[in-house]
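Residues 196 to 302 (the working numbering) are what the sequence shown spells out, left to right. Ideal placement from N, C-alpha and C gives every residue a C-beta, glycine not left out. Here the structure is a predicted model, which means the values were calculated and not measured.
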Amino acid sequence: MLVVLQQTHGLSNAELARNRNITPQTMNVILGRLEAAGLLVRKPHPEHGRILLAELTPTGESVVEQGLSRAAGVEACVSDALDSTERARLLQLLNRVADALTRASRL
Numbered sequence: 196m197l198v199v200l201q202q203t204h205g206l207s208n209a210e211l212a213r214n215r216n217i218t219p220q221t222m223n224v225i226l227g228r229l230e231a232a233g234l235l236v237r238k239p240h241p242e243h244g245r246i247l248l249a250e251l252t253p254t255g256e257s258v259v260e261q262g263l264s265r266a267a268g269v270e271a272c273v274s275d276a277l278d279s280t281e282r283a284r285l286l287q288l289l290n291r292v293a294d295a296l297t298r299a300s301r302l
């Protein structure tokens with residue numbers, strides 16, 4: 196979710212809930228915890244004052260960057276362990292799993 200906020204620069208509770216396929220109530224709890232941890236702030240929407248937009252703090256930005264860097268390192272290690280045919284097959288299988296999980300989340 197932090198990566199989504201980094202890419203969008205502010206989304207409402209409802210938009211984030213739809214993006215993650217969870218209820219707005221659950222998203223509100225998650226955002227509250229992330230806000231308490233100093234990773235994001237919620238600010239009034241410039242046009243719709245009742246709507247709050249979640250935005251990353253500098254600490255949240257740093258956490259995202261560290262996570263993406265670590266993920267890239269892990270991906271490089273896995274990639275180095277496989278030849279090009281194996282990498283292509285792994286990617287194909289992971290895409291199938293991701294598609295199945297997306298379908299399952301709609302049940």
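With distances taken Cα to Cα, identify the nearest neighbour of residue i among the options.
| i | options | result |
| --- | --- | --- |
| Glu250 | Ser300, Thr221, Gln201, Leu302 | Gln201 |
| Ile310 | Thr254, Leu286, Gly205 | Nothing can be reported for residue 310: it is not among the residues displayed for the chain, which extend from 196 to 302. |
| Leu229 | Asp275, Val259, Leu277, Ala267 | Val259 |
What residues match up with residue i in a beta bridge as DSSP calls it?
| i | result |
| --- | --- |
| Ser207 | Leu248 |
| Leu235 | Leu251 |
To the nearest angstrom, how far is it from the Cα of residue i to the Cα of residue j?
| i | j | result |
| --- | --- | --- |
| Ile225 | Met196 | 10 Å |
| Glu281 | Gln287 | 10 Å |
| Arg301 | Val292 | 15 Å |
| Val273 | Ala295 | 23 Å |
| Thr254 | Gly233 | 7 Å |
| His243 | Ser207 | 11 Å |
| Glu210 | Ala276 | 39 Å |
Assign residue i to buried or exposed, taking buried as 16 or more other Cβ atoms, counted over all protein chains shown, within 10 Å of its Cβ.
| i | result |
| --- | --- |
| Ala212 | buried |
| Val198 | exposed |
| Val269 | exposed |
| Gly227 | exposed |
| Leu248 | buried |
| Leu235 | buried |
Are the C-beta of residue i and some C-beta of chain B separated by less than 7 Å?
| i | result |
| --- | --- |
| Ala283 | Protein chain content of the structure displayed is limited to a single chain, and chain B is not contained in it. |
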